[in-house]
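Chemist: I have a structure I would like to understand better, so I am pasting it below and will then ask my questions one at a time.
Numbering (this note's numbering), first residue to last: 125 to 410.
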(Lines of atoms letter the chains of each structure in order from A; the text may use other names.)
(Lines give C-alpha, C1' and ligand atoms only; values in the text may rest on other atoms or scores of the structure.)
Protein backbone atom coordinates (compact mmCIF):
# COMPACT_ATOMS: atom_id res chain seq x y z
CA UNK A 125 0.00 0.00 0.00
CA UNK A 126 1.33 3.42 -0.97
CA UNK A 127 0.90 6.53 1.15
CA UNK A 128 -2.34 8.44 0.63
CA UNK A 129 -2.47 11.58 -1.54
CA UNK A 130 -4.38 14.85 -1.41
CA UNK A 131 -4.63 16.58 -4.78
CA UNK A 132 -4.64 20.38 -4.49
CA UNK A 133 -5.09 22.86 -6.12
CA UNK A 134 -7.05 22.08 -9.26
CA UNK A 135 -5.44 23.88 -12.20
CA UNK A 136 -8.25 23.27 -14.70
CA UNK A 137 -9.83 26.67 -14.09
CA UNK A 138 -8.84 30.02 -15.59
CA UNK A 139 -6.20 31.07 -16.55
CA UNK A 140 -5.91 27.57 -18.05
CA UNK A 141 -7.11 27.50 -21.67
CA UNK A 142 -9.02 24.56 -23.19
CA UNK A 143 -9.12 23.51 -26.83
CA UNK A 144 -9.33 20.60 -29.31
CA UNK A 145 -12.07 18.06 -29.97
CA UNK A 146 -15.61 18.91 -31.06
CA UNK A 147 -18.11 19.97 -28.40
CA UNK A 148 -21.70 21.16 -28.52
CA UNK A 149 -22.16 24.92 -28.41
CA UNK A 150 -24.92 24.41 -25.84
CA UNK A 151 -22.70 22.14 -23.70
CA UNK A 152 -19.24 23.56 -24.44
CA UNK A 153 -15.85 22.38 -23.28
CA UNK A 154 -15.68 25.38 -20.94
CA UNK A 155 -18.25 23.63 -18.73
CA UNK A 156 -15.49 21.48 -17.21
CA UNK A 157 -14.21 24.72 -15.67
CA UNK A 158 -17.49 25.05 -13.76
CA UNK A 159 -17.57 23.39 -10.35
CA UNK A 160 -21.19 22.28 -10.78
CA UNK A 161 -20.63 18.64 -11.72
CA UNK A 162 -24.01 18.41 -13.45
CA UNK A 163 -23.05 21.16 -15.88
CA UNK A 164 -21.35 18.89 -18.41
CA UNK A 165 -19.37 19.32 -21.61
CA UNK A 166 -20.66 17.03 -24.38
CA UNK A 167 -18.92 16.03 -27.58
CA UNK A 168 -20.77 16.30 -30.88
CA UNK A 169 -20.26 12.58 -31.49
CA UNK A 170 -18.18 9.69 -30.17
CA UNK A 171 -15.36 9.69 -32.73
CA UNK A 172 -11.74 9.92 -31.61
CA UNK A 173 -11.34 13.33 -33.23
CA UNK A 174 -14.25 14.76 -31.23
CA UNK A 175 -13.56 13.26 -27.81
CA UNK A 176 -10.30 14.93 -26.87
CA UNK A 177 -9.26 18.09 -25.09
CA UNK A 178 -6.04 20.03 -24.66
CA UNK A 179 -5.24 21.96 -21.48
CA UNK A 180 -2.76 24.83 -21.46
CA UNK A 181 -2.14 25.60 -17.78
CA UNK A 182 -0.30 28.82 -18.64
CA UNK A 183 3.22 28.02 -17.49
CA UNK A 184 5.06 24.75 -16.76
CA UNK A 185 3.90 23.45 -13.39
CA UNK A 186 4.31 20.18 -11.53
CA UNK A 187 1.34 17.87 -12.01
CA UNK A 188 0.92 14.66 -10.03
CA UNK A 189 -2.72 13.63 -10.44
CA UNK A 190 -5.55 13.90 -12.98
CA UNK A 191 -9.17 12.83 -12.78
CA UNK A 192 -12.21 12.64 -15.07
CA UNK A 193 -15.30 13.37 -12.98
CA UNK A 194 -18.97 12.71 -13.74
CA UNK A 195 -18.29 11.15 -17.13
CA UNK A 196 -20.63 8.95 -19.16
CA UNK A 197 -18.07 6.52 -20.55
CA UNK A 198 -19.27 3.06 -21.43
CA UNK A 199 -17.62 0.10 -19.72
CA UNK A 200 -15.46 -0.33 -22.84
CA UNK A 201 -14.15 3.25 -22.83
CA UNK A 202 -10.42 4.04 -22.75
CA UNK A 203 -8.48 7.21 -22.07
CA UNK A 204 -4.94 8.44 -22.61
CA UNK A 205 -3.08 11.31 -20.92
CA UNK A 206 -0.07 12.98 -22.52
CA UNK A 207 2.02 16.00 -21.56
CA UNK A 208 4.32 18.19 -23.61
CA UNK A 209 6.41 21.34 -23.46
CA UNK A 210 4.77 22.56 -26.69
CA UNK A 211 1.18 22.78 -27.93
CA UNK A 212 2.10 20.63 -30.93
CA UNK A 213 2.74 17.62 -28.66
CA UNK A 214 5.63 16.66 -30.94
CA UNK A 215 7.79 15.61 -27.98
CA UNK A 216 6.09 14.04 -25.00
CA UNK A 217 7.13 14.49 -21.39
CA UNK A 218 4.59 11.91 -20.25
CA UNK A 219 2.40 9.29 -21.91
CA UNK A 220 0.03 7.11 -19.89
CA UNK A 221 -0.84 4.87 -22.83
CA UNK A 222 -4.44 3.75 -23.27
CA UNK A 223 -6.13 2.85 -19.95
CA UNK A 224 -9.61 1.58 -19.08
CA UNK A 225 -11.86 4.39 -17.86
CA UNK A 226 -13.88 1.91 -15.80
CA UNK A 227 -11.26 -0.08 -13.90
CA UNK A 228 -11.36 -3.51 -12.29
CA UNK A 229 -13.38 -3.32 -9.05
CA UNK A 230 -13.65 -6.98 -8.07
CA UNK A 231 -11.08 -9.66 -7.42
CA UNK A 232 -11.67 -13.00 -9.13
CA UNK A 233 -12.62 -14.52 -5.77
CA UNK A 234 -15.62 -12.20 -5.30
CA UNK A 235 -17.47 -12.83 -8.57
CA UNK A 236 -19.25 -16.01 -9.57
CA UNK A 237 -18.71 -17.92 -12.78
CA UNK A 238 -22.29 -17.15 -13.85
CA UNK A 239 -21.93 -13.39 -13.30
CA UNK A 240 -21.95 -11.13 -16.35
CA UNK A 241 -18.72 -9.50 -15.18
CA UNK A 242 -16.78 -12.66 -14.33
CA UNK A 243 -14.16 -12.05 -17.00
CA UNK A 244 -13.93 -8.26 -16.77
CA UNK A 245 -14.23 -7.89 -12.95
CA UNK A 246 -15.69 -4.45 -13.70
CA UNK A 247 -18.99 -3.07 -12.52
CA UNK A 248 -22.00 -4.05 -14.57
CA UNK A 249 -24.23 -1.29 -15.98
CA UNK A 250 -26.67 -1.96 -13.14
CA UNK A 251 -24.02 -1.83 -10.42
CA UNK A 252 -22.49 1.45 -11.52
CA UNK A 253 -25.85 3.27 -11.46
CA UNK A 254 -25.80 6.06 -8.89
CA UNK A 255 -22.04 6.60 -8.86
CA UNK A 256 -20.53 9.97 -9.64
CA UNK A 257 -18.34 8.28 -12.22
CA UNK A 258 -14.74 9.28 -11.48
CA UNK A 259 -11.54 7.97 -13.03
CA UNK A 260 -8.39 9.08 -11.22
CA UNK A 261 -4.85 8.75 -12.54
CA UNK A 262 -2.06 9.32 -10.01
CA UNK A 263 1.23 9.80 -11.88
CA UNK A 264 4.35 7.90 -10.74
CA UNK A 265 6.10 11.21 -10.02
CA UNK A 266 5.70 14.92 -10.68
CA UNK A 267 5.60 15.91 -14.36
CA UNK A 268 6.65 19.48 -15.10
CA UNK A 269 4.69 20.52 -18.20
CA UNK A 270 2.50 23.30 -19.55
CA UNK A 271 0.45 21.40 -22.13
CA UNK A 272 -1.72 18.37 -21.35
CA UNK A 273 -3.97 16.31 -23.61
CA UNK A 274 -6.81 13.98 -22.65
CA UNK A 275 -7.99 11.57 -25.37
CA UNK A 276 -11.07 9.36 -25.08
CA UNK A 277 -11.63 6.18 -27.08
CA UNK A 278 -15.29 5.30 -26.56
CA UNK A 279 -16.54 5.10 -30.13
CA UNK A 280 -19.19 2.48 -29.29
CA UNK A 281 -20.77 4.49 -26.47
CA UNK A 282 -24.54 3.83 -26.78
CA UNK A 283 -25.25 7.52 -26.10
CA UNK A 284 -23.38 8.49 -29.27
CA UNK A 285 -21.24 11.05 -27.42
CA UNK A 286 -18.87 11.50 -24.51
CA UNK A 287 -19.64 13.94 -21.73
CA UNK A 288 -17.84 15.04 -18.61
CA UNK A 289 -18.68 17.36 -15.74
CA UNK A 290 -15.26 18.22 -14.35
CA UNK A 291 -11.54 17.62 -14.82
CA UNK A 292 -9.01 17.68 -12.01
CA UNK A 293 -5.37 18.35 -12.88
CA UNK A 294 -2.92 19.42 -10.25
CA UNK A 295 -0.14 18.68 -7.79
CA UNK A 296 -0.63 16.44 -4.78
CA UNK A 297 0.63 16.20 -1.22
CA UNK A 298 1.78 12.72 -0.21
CA UNK A 299 2.82 12.47 3.46
CA UNK A 300 6.15 10.95 4.44
CA UNK A 301 4.30 8.58 6.76
CA UNK A 302 0.95 7.17 5.80
CA UNK A 303 -2.29 7.81 7.67
CA UNK A 304 -2.61 5.96 10.96
CA UNK A 305 -4.58 2.77 11.44
CA UNK A 306 -8.15 3.51 12.39
CA UNK A 307 -8.93 5.60 9.30
CA UNK A 308 -12.40 5.04 7.87
CA UNK A 309 -14.50 5.47 4.75
CA UNK A 310 -18.28 5.70 5.09
CA UNK A 311 -21.38 6.38 3.07
CA UNK A 312 -23.51 9.17 4.50
CA UNK A 313 -26.92 10.33 3.33
CA UNK A 314 -29.45 13.07 4.01
CA UNK A 315 -32.35 10.75 3.14
CA UNK A 316 -35.40 11.85 5.15
CA UNK A 317 -37.45 9.18 6.92
CA UNK A 318 -41.02 9.77 8.09
CA UNK A 319 -43.13 7.24 9.92
CA UNK A 320 -46.90 7.15 9.71
CA UNK A 321 -49.05 6.53 12.78
CA UNK A 322 -49.64 3.00 11.56
CA UNK A 323 -45.89 2.31 11.48
CA UNK A 324 -45.27 2.48 7.74
CA UNK A 325 -42.14 4.41 6.76
CA UNK A 326 -41.81 6.81 3.86
CA UNK A 327 -38.53 7.96 2.42
CA UNK A 328 -37.29 10.98 0.51
CA UNK A 329 -34.11 9.53 -0.89
CA UNK A 330 -30.95 11.59 -1.25
CA UNK A 331 -27.87 10.37 -3.07
CA UNK A 332 -25.30 9.21 -0.48
CA UNK A 333 -21.81 10.67 -0.44
CA UNK A 334 -18.54 9.24 0.81
CA UNK A 335 -16.72 10.62 3.84
CA UNK A 336 -13.09 9.76 4.60
CA UNK A 337 -11.81 10.23 8.14
CA UNK A 338 -8.10 9.86 8.84
CA UNK A 339 -5.23 11.06 10.96
CA UNK A 340 -1.73 11.92 9.80
CA UNK A 341 0.80 11.47 12.58
CA UNK A 342 4.54 11.81 13.22
CA UNK A 343 4.73 14.66 10.72
CA UNK A 344 7.87 16.76 10.81
CA UNK A 345 7.16 20.37 11.68
CA UNK A 346 8.21 21.75 8.29
CA UNK A 347 6.05 19.23 6.46
CA UNK A 348 3.02 19.86 8.65
CA UNK A 349 3.03 23.62 8.20
CA UNK A 350 4.32 23.85 4.62
CA UNK A 351 1.76 21.32 3.37
CA UNK A 352 -1.22 20.44 5.56
CA UNK A 353 -1.56 23.82 7.26
CA UNK A 354 -1.41 25.62 3.90
CA UNK A 355 -3.86 23.24 2.21
CA UNK A 356 -6.35 23.81 5.02
CA UNK A 357 -5.91 27.59 4.78
CA UNK A 358 -6.31 27.76 1.01
CA UNK A 359 -8.98 25.07 0.56
CA UNK A 360 -11.16 26.07 3.49
CA UNK A 361 -14.47 24.25 3.47
CA UNK A 362 -15.45 25.26 -0.04
CA UNK A 363 -12.54 24.56 -2.41
CA UNK A 364 -12.31 21.11 -4.01
CA UNK A 365 -9.56 18.63 -3.28
CA UNK A 366 -8.95 15.14 -4.67
CA UNK A 367 -8.73 12.36 -2.09
CA UNK A 368 -6.73 9.23 -2.98
CA UNK A 369 -6.66 6.52 -0.32
CA UNK A 370 -3.96 4.43 -2.03
CA UNK A 371 -2.46 5.49 -5.39
CA UNK A 372 -1.26 1.93 -6.05
CA UNK A 373 -4.69 0.36 -5.53
CA UNK A 374 -5.81 -1.59 -8.59
CA UNK A 375 -9.13 -2.99 -7.33
CA UNK A 376 -10.78 -0.55 -4.93
CA UNK A 377 -9.46 2.70 -6.40
CA UNK A 378 -12.87 3.69 -7.78
CA UNK A 379 -14.39 3.24 -4.33
CA UNK A 380 -11.69 5.05 -2.34
CA UNK A 381 -10.79 8.00 -4.61
CA UNK A 382 -13.11 10.97 -5.04
CA UNK A 383 -13.42 14.71 -5.54
CA UNK A 384 -14.29 16.26 -2.23
CA UNK A 385 -13.86 19.12 0.20
CA UNK A 386 -12.66 19.52 3.77
CA UNK A 387 -15.61 18.95 6.03
CA UNK A 388 -13.90 20.65 8.95
CA UNK A 389 -10.75 22.73 9.35
CA UNK A 390 -8.97 20.48 11.79
CA UNK A 391 -6.20 21.71 14.07
CA UNK A 392 -2.53 20.86 13.74
CA UNK A 393 -1.74 19.02 16.97
CA UNK A 394 1.60 18.89 18.82
CA UNK A 395 1.78 15.42 20.40
CA UNK A 396 5.58 15.01 20.22
CA UNK A 397 8.60 17.35 20.24
CA UNK A 398 9.19 18.76 16.74
CA UNK A 399 6.46 16.53 15.31
CA UNK A 400 2.82 17.15 14.57
CA UNK A 401 -0.39 15.35 13.75
CA UNK A 402 -3.54 16.34 11.88
CA UNK A 403 -6.99 14.70 11.88
CA UNK A 404 -8.75 15.22 8.54
CA UNK A 405 -12.32 14.72 7.37
CA UNK A 406 -13.03 14.84 3.63
CA UNK A 407 -16.55 14.69 2.15
CA UNK A 408 -17.36 13.81 -1.45
CA UNK A 409 -18.76 16.48 -3.75
CA UNK A 410 -21.79 15.39 -5.77
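Backbone N, C-alpha and C fix where the C-beta goes; we use that ideal spot for every residue, glycine too.
Grab the span of the alpha helix (DSSP H) containing residue 354 for me, first residue to last.
Modeler: Counting along the chain, the alpha helix (DSSP H) containing residue 354 begins and ends at 353-359.
Chemist: At what residues does the beta strand (DSSP E) containing residue 269 begin and finish?
Modeler: Residues 258-277.
Chemist: Closer than 8 Å is the cut-off here; do at least three beta carbon pairs connect the region 290-301 with the region 361-377?
Modeler: The answer is yes - the region 361-377 touches the region 290-301, with three or more Cβ pairs under 8 Å.
Chemist: Please state whether the Cβ-Cβ distance between residue 385 and residue 409 is less than 7 Å.
Modeler: It is a contact, given that the beta carbons lie within the stated cut-off.
Chemist: Among 131, 217, 315, 177, which has the Cα closest to the Cα of residue 327?
Modeler: Here the closest residue by C-alpha is 315.
Chemist: Beta carbon of residue 205, beta carbon of residue 190: below 7 Å?
Modeler: In contact: residue 205 and residue 190 (Cβ atoms closer than 7 Å).
Chemist: Between which two residues does the alpha helix (DSSP H) harbouring residue 380 extend?
Modeler: Its alpha helix (DSSP H) spans residues 377-380.
Chemist: Kindly indicate which three-state DSSP category residue 321 falls into: helix, strand or coil?
Modeler: Three-state result, residue 321: coil.
Chemist: Determine the extent of the beta strand (DSSP E) in which residue 206 is found, giving its start and end residues.
Modeler: 202-208 is the extent of the beta strand (DSSP E) around residue 206.
Chemist: Does at least one heavy atom of the ligand COA sit under 6 Å from the Cβ of residue 151?
Modeler: Among the ligands in the structure shown, none appear at all, so the ligand COA cannot be discussed.
Chemist: Would you kindly work out how many angstroms separate the C-alpha atoms of residue 200 and residue 401, rounded to a whole number?
Modeler: If you take the alpha carbons of residue 200 and residue 401, they lie about 43 Å apart.
Chemist: For residue 333, which option in 370, 405, 269, 175 has the closest C-alpha, if you only look at C-alpha atoms?
Modeler: Comparing Cα positions, the closest option is 405.
Chemist: If you draw a straight line from the alpha carbon of residue 132 to that of residue 146, how long is it in whole angstroms?
Modeler: If you take the alpha carbons of residue 132 and residue 146, they lie about 29 Å apart.
Chemist: Should residue 396 be labelled buried (16 or more other beta-carbon atoms within 10 Å of its own) or exposed?
Modeler: By the neighbour-count rule (16 or more Cβ atoms within 10 Å), residue 396 is not buried but exposed.
Chemist: Taking only three categories from DSSP, how would you classify residue 281?
Modeler: Looking at residue 281 - three-state DSSP - the assignment turns out to be coil, as it is neither helix nor strand.
Chemist: Can you tell me whether residue 294 is buried or exposed? The criterion is at least 16 other CB atoms within 10 Å of its CB, across all chains shown.
Modeler: Result: buried.
Chemist: For residue 345, which of helix, strand or coil comes out of DSSP?
Modeler: In this structure, residue 345 counts as helix in the three-state DSSP scheme.
Chemist: Where does the unbroken beta strand (DSSP E) through residue 402 begin, and where does it stop?
Modeler: Where residue 402 is concerned, the enclosing beta strand (DSSP E) stretches over 399-408.
Chemist: Relative to the alpha-carbon of residue 186, which residue among 262, 202, 161, 387 has its alpha-carbon at the smallest distance?
Modeler: Among 262, 202, 161, 387, the Cα nearest to that of residue 186 belongs to 262.
Chemist: Tell me whether residue 291 sits in a helix, a strand or coil according to DSSP, three-state version.
Modeler: Three-state DSSP puts residue 291 in a strand.
Chemist: Spell out a yes or no on whether the region 337-352 and the region 296-309 are touching, meaning 3 or more CB-CB pairs, one atom from each, closer than 8 Å.
Modeler: Yes, the region 337-352 is in contact with the region 296-309.
Chemist: Using a Cβ-Cβ cutoff of less than 6 Å, which residues in the same chain neighbour residue 318 once the five nearest sequence positions on both sides are dropped?
Modeler: Excluding sequence neighbours, residue 318 sits near 326.
Chemist: Opposite residue 179 in the DSSP bridges: which residues?
Modeler: According to DSSP, residue 179 bridges with 142, 272.
Chemist: Return the CA-CA distance between residue 350 and residue 329, expressed in angstroms with no decimal places.
Modeler: Between residue 350 and residue 329, the C-alpha separation is close to 41 Å.
Chemist: Could you tell me the alpha carbon to alpha carbon distance between residue 196 and residue 223, rounded to whole angstroms?
Modeler: Roughly 16 Å between the two C-alpha positions.
Chemist: Could you check where the beta strand (DSSP E) with residue 197 kicks off and where it finishes?
Modeler: Careful: residue 197 lies outside any beta strand (DSSP E) and carries neither H nor E.
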